[in-house]
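Working notes, beginning with the structure itself.
Number of protein chains: 2
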Amino acid sequence: MSTSQSPAFGPRTTVEQVEEGHTLAPKFDDQGLIACVTTAADTGELLMVGYMNAEALAKTIETGEAHYYSRSRKVLWHKGATSGLTQKVVEMRIDDDQDAVWLRVDVAGTGASCHVGFRSCFYRSIPIGQPVDQAVDALKFEESEKTFDPKKVYGDVPNPTQL
Amino acid sequence: MSTSQSPAFGPRTTVEQVEEGHTLAPKFDDQGLIACVTTAADTGELLMVGYMNAEALAKTIETGEAHYYSRSRKVLWHKGATSGLTQKVVEMRIDDDQDAVWLRVDVAGTGASCHVGFRSCFYRSIPIGQPVDQAVDALKFEESEKTFDPKKVYGDVPNPTQL
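Chains as they are written, first to last, in my numbering: chain A, 1 to 163; chain B, 164 to 326.
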């Protein structure tokens, strides 16, 4: 199997077909993955960036619930299967060269999508307009409270963050 | 130089420090890149997904204008240098495990960010809730008109889309 195409999806024949056609012909990288950006359908807030393999992309299309590929656990990942915080897909889009997907979702339960407990994975801002060495130790928290206790929700499941 | 760290940024010492600290300690992949999601500051619309190397990340922080690493041209890419459609960063965030960045931007000129001429790179939707084989040839255009003519703006610059 080609690393960049999957039998379940269309072929990539020309730049024009990929960019301006009606055929879903995603380009998976050399790990067999495509990037997925997930935003809250109601607020537009960026919740997370994940990755999908061909199976996760197909499952998401078929079920209307977000599925990813867990790079740390190396398995198909039905988001919310452990935490209950499933993501119902309201709209799904693909980009010009078809190497990235955008999901607009409604999140079940507390509405959180971050394993640390925050609503969004992007809970810290980076100051801009100054030399990098002044920004390095100046991340600012933009969410003040966790929406759930990760220890209670995940128990002994290994933390997916890798150093 | 480590592939996962850069001297310009902080060290990645523990999961807790990476996730809950104030130190910018991005994790670059084995290509030296980090994913970057760029949304319109005013509407929340997803404009593009790009990639940054350490230099692009530093330049973005220092100048407040979006810089990426072009994977097709293999160079630092000051977005808008050719088209005039520069992206002024309103807010910059980083995610829990620090392997993805979020830029909220104001785009100059026509407000477009897609080399095909559309406002957003994500101008096509994928139908959901049906078998994949029924979705494959059913991409739907969500933007009806291009905001500029790519041939006029880019001339003979090679198209970045790769098959």
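Using N, Cα and C, we set each Cβ at its ideal position, and we do this for glycine too. Just so it is clear, the structure is predicted and the values come from calculations on it, not from any experiment.
Next on the checklist: Just to make sure I have the definition right: I need the residues of chain B whose C-beta is within less than 7 Å of the C-beta of A:W77. Which are they?
Outcome noted: Going along chain B, no residue has its Cβ under 7 Å from A:W77, so there is no contact; the nearest lies around 15 Å.
Next on the checklist: Can you find the residues in the same chain that come closer than 7 Å, C-beta to C-beta, to A:Q98, ignoring five residues on each side of it along the sequence?
Outcome noted: V18, A25, P26, K27
Checklist entry - Is the region 310-322 of chain B touching the region 40-56 of chain A in the sense that three or more CB pairs, one from each, lie closer than 8 Å? => result no
Checklist entry - Mind listing which residues of the region 36-54 of chain A have their C-beta closer than 8 Å to chain B's C-betas, in chain order? => result V37, T39, T43, G44, E45, L46, M48, V49
Item to check | Length at least 4, wholly inside the region 31-106 of chain A: the alpha helix (DSSP H) runs in chain order | outcome: 54-63
Checklist entry - Can you name the residues that DSSP bridges to B:R282? => result Beta-bridge pairing by DSSP links B:R282 to no other residue.
Checklist entry - Going straight from the alpha carbon of B:T166 to that of B:Y232, what length do you get? => result In this predicted model, B:T166 has a pLDDT of only 45, less than 50, meaning its place in the structure is not dependable enough to derive any value.
Checklist entry - DSSP state of B:K303, grouped into three classes? => result strand
Item to check | Spatial distance of B:L326 from B:S235 (CA atoms) | outcome: If I take the Cα positions, the gap works out to 11 Å.
Next on the checklist: Measuring straight from C-alpha to C-alpha, what distance separates B:G184 and A:I126?
Outcome noted: 12 Å
Next on the checklist: Can you confirm whether B:D319, when its beta carbon is compared against all beta carbons of chain A, has any partner nearer than 8 Å?
Outcome noted: Closer than 8 Å: no.
Checklist entry - Nearest-angstrom Cα distance between A:Y51 and A:S83? => result 19 Å
Checklist entry - Is the Cβ of B:H230 closer than 8 Å to any Cβ of chain A? => result no
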